[in-house]
Structures are given as C-alpha cells and as structure tokens.
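Working notes, beginning with the structure itself.
Numbering (the working numbering), first residue to last: 1105 to 1216.
Written out as structure tokens, the structure reads:
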C-alpha cells in the first residue's frame, strides 16, 4: 500500500512539473472595429489535455468577459478575438490567460 501511495505521489508531482504558465501574450486593439486580439504563447505536447482553459478580459480593472476553452488551437498558441464596443481612447484593456494545469499570465495595454 505504501508503494502504491508513493507511486501516485510521484506521478502527481511529475504532472505538476510538466505544467506551466503561458509564456507570453501579444495583445492588440483595433479602435475602428473595436476588436481585441490576443495571441497567447503556451507550448504544450498535447493541446487536448494541456491547454489554455480560460481567458478573462478586463476594461479599466473591471472584468467584462470570461471565456472558457476546452482545448488549445495548436501546440504553440491560443488565439482569441473579442468585440469590445465600450473601449475608447485612454482606457486600459487587460487579458489574463490560465493554464489548464497551473499558472496564469496577464498582459495590459492602454488604448492610444
């Protein structure tokens, strides 16, 4: 029984060691179309089992959107596009991406 418990613990630690936060987020906002685009860099072996599972968008510090995702687009990235009709010059937009295992990354931009 102790060996089984030890093996399960080792597998648990191994899975956690393979999990990681997104490494980078590229964010842009088109003032004419009001489209927010985010390219979330998150390199994984299998985007069906290890992926970006949630993206949140904030406008001036208030969460305005939560998008739950069931798999990542590719082994390297997740791309999302959102219509943000209330965003205007001077506002701050923030994109926060979450890994399905552990970790998160946030990127903020100011609309010029």
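Backbone N, C-alpha and C define an ideal beta-carbon position, used for all residues, glycine too.
- Taking a cut-off of 8 Å for Cβ pairs, the segment 1205 to 1215 and the segment 1167 to 1182 do not touch, as fewer than three such pairs fall below it.
- Bounds of any beta strand (DSSP E) do not take in residue 1188, whose DSSP letter is neither H nor E.
- Cβ atoms of residue 1191 and residue 1169 stay farther apart than 8 Å, at about 11 Å.
- Contact annotation, residue 1125 with residue 1208: C-beta distance approximately 6 Å; criterion of less than 8 Å satisfied.
- The beta carbons of residue 1154 and residue 1148 sit closer together than 8 Å.
- For residue 1162, the enclosing beta strand (DSSP E) has its first and last residue at 1156 to 1163.
- Under the three-state reduction of DSSP output, residue 1134 falls in the strand class.
- Boundaries of the beta strand (DSSP E) harbouring residue 1199: 1196 to 1203, taken from the DSSP string.
- In the structure shown, residue 1167 adopts extended strand secondary structure according to DSSP, grouped into three states.
- Where residue 1141 is concerned, the enclosing beta strand (DSSP E) starts and stops at 1139 to 1145.
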